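For the sequence shown, this note's numbering begins at 50 and goes up steadily by one. For every residue, glycine included, the Cβ atom is placed at its ideal position computed from N, Cα and C. Values in this document were obtained by computation on a predicted structure and should not be read as measured data.
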Amino acid sequence: SDNTNQEVLCGQPLTFGNDLIVPTHSPTSGWIENISFNSDSDNTNQEKIKIVILSDHLNKWIRLKSIKNYKKYTPNSLIKIIYQSGVVGLGGAQFPSFKKLMLSINKVHTLIVNAIESEPCITSDYCLMKNYINEILIGCEIVGWISKVKEILIVIQEDKTELILKIQEIIKNKKLFKLCIIKKKYPGGSSKILVKSLTGKEIPYGKHSIDIGYLVFNVATIYAIKRSIINGEPLIKRIVT
Numbered sequence: 050s051d052n053t054n055q056e057v058l059c060g061q062p063l064t065f066g067n068d069l070i071v072p073t074h075s076p077t078s079g080w081i082e083n084i085s086f087n088s089d090s091d092n093t094n095q096e097k098i099k100i101v102i103l104s105d106h107l108n109k110w111i112r113l114k115s116i117k118n119y120k121k122y123t124p125n126s127l128i129k130i131i132y133q134s135g136v137v138g139l140g141g142a143q144f145p146s147f148k149k150l151m152l153s154i155n156k157v158h159t160l161i162v163n164a165i166e167s168e169p170c171i172t173s174d175y176c177l178m179k180n181y182i183n184e185i186l187i188g189c190e191i192v193g194w195i196s197k198v199k200e201i202l203i204v205i206q207e208d209k210t211e212l213i214l215k216i217q218e219i220i221k222n223k224k225l226f227k228l229c230i231i232k233k234k235y236p237g238g239s240s241k242i243l244v245k246s247l248t249g250k251e252i253p254y255g256k257h258s259i260d261i262g263y264l265v266f267n268v269a270t271i272y273a274i275k276r277s278i279i280n281g282e283p284l285i286k287r288i289v290t
């Protein structure tokens with residue numbers, strides 16, 4: 050390919066997105082060593098692109114465009130930034146966050162922030178909240194501003210006592226926020242089960258939580274949204290257990 054040996058910087062977009070695929074960004078700086086295509090085993094109509102980058106070990110970033118006051122931007126402008134930043138659902142499904150936000154405008158009244166880790170030994174969301182709770186709350190406010198929700202529910206399991214006390218203290222003067230503490234049991238982290246256990250409402254077959262007024266985001270996705278808007282940072286890394 051003509052692009053082989055081309056220099057790339059950390060955070061530089063490598064691909065274009067489309068209606069359901071977000072752009073992919075370089076996770077480091079260096080040179081493009083190889084670009085290859087192979088057909089997707091799940092869907093024969095699609096080709097998967099594979100880009101091999103030889104790192105220069107300098108981790109040089111592109112210039113990031115940070116935003117101080119996101120409320121000066123329209124919801125659609127913010128959604129566009131989230132799309133360009135490559136943010137997808139980090140709870141497992143990797144559904145593009147821009148798409149979920151577009152579907153939620155004027156349709157939801159409540160944002161549910163899913164910090165439930167019901168699988169044994171998984172602690173990445175807990176560590177994220179312990180270290181970055183203020184950034185996560187800003188991410189919640191950004192999503193709330195975009196989708197015009199009336200309430201933001203942060204859902205956490207009862208065994209995270211220290212974190213519960215910390216969050217309660219921080220949100221006590223924030224009117225939109227409410228902390229919901231639920232029992233630790235599998236598979237409580239599934240969005241459909243979560244909505245039912247919090248609200249008593251069942252999501253009809255073939256529908257999504259948005260259809261009954263609830264927007265559900267994993268806490269790591271909320272953090273990625275904050276980083277994309279406030280810091281101008283694309284999604285190239287995440288915390289893992």
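Answer with buried or exposed for residue i, where buried requires no fewer than 16 other C-beta atoms within 10 angstroms of its C-beta.
i: residue 243; result: buried
i: residue 83; result: exposed
i: residue 74; result: buried
i: residue 254; result: exposed
i: residue 208; result: exposed
i: residue 172; result: exposed
i: residue 135; result: buried
i: residue 290; result: exposed
i: residue 70; result: exposed
i: residue 196; result: buried
Confirm, please, whether the CB-CB distance from residue j to residue i is below 9 Å.
i: residue 78; j: residue 270; result: no
i: residue 8; j: residue 206; result: The question about residue 8 has no answer, for the chain in this structure spans 50 to 290.
i: residue 293; j: residue 175; result: Since the displayed the chain opens at 50 and closes at 290, residue 293 lies outside it and no answer follows.
i: residue 59; j: residue 76; result: yes
i: residue 268; j: residue 162; result: yes
i: residue 127; j: residue 194; result: yes
i: residue 199; j: residue 158; result: yes
i: residue 100; j: residue 61; result: no
i: residue 108; j: residue 81; result: no
i: residue 130; j: residue 277; result: yes
i: residue 116; j: residue 281; result: yes
i: residue 164; j: residue 203; result: yes
Can you tell me where the beta strand (DSSP E) with residue i in it begins and where it stops?
i: residue 206; result: 200-206
i: residue 75; result: Where residue 75 is concerned, there is no enclosing beta strand (DSSP E), given that its DSSP letter is neither H nor E.
i: residue 131; result: Not the beta strand (DSSP E): residue 131 falls in the alpha helix (DSSP H), residues 124-133.
i: residue 160; result: 159-163
i: residue 99; result: 96-104
Give the range of the alpha helix (DSSP H) segment to which residue i is assigned.
i: residue 196; result: 173-196
i: residue 167; result: Taken as a continuous stretch (DSSP letters only), residue 167 belongs to no alpha helix (DSSP H), as it is neither H nor E.
i: residue 149; result: 146-153
Once you ignore the five residues that flank residue i on each side, which residues in its own chain have a CB closer than 8 Å to its CB?
i: residue 149; result: 138, 259, 264, 266
i: residue 57; result: 63, 75, 78, 79, 80, 81, 102
For residue i, which residues in the same chain have their Cβ closer than 7 Å to its Cβ, ignoring the five residues on either side in sequence?
i: residue 234; result: 167
i: residue 188; result: 271, 272, 274, 275
i: residue 184; result: 272, 275
Using C-beta distances below 6 Å, list every residue in its chain close to residue i, excluding the 5 sequence neighbours before and after it, in chain order.
i: residue 201; result: 160, 189, 193, 225, 226
i: residue 250; result: 261
i: residue 105; result: 78, 79
Contained alpha helix (DSSP H) runs [length at least 4] in the region 212-289, N- to C-terminal order: For the region 212-289, whole alpha helix (DSSP H) runs of length 4 or above, ordered along the chain, are 240-248, 268-279.
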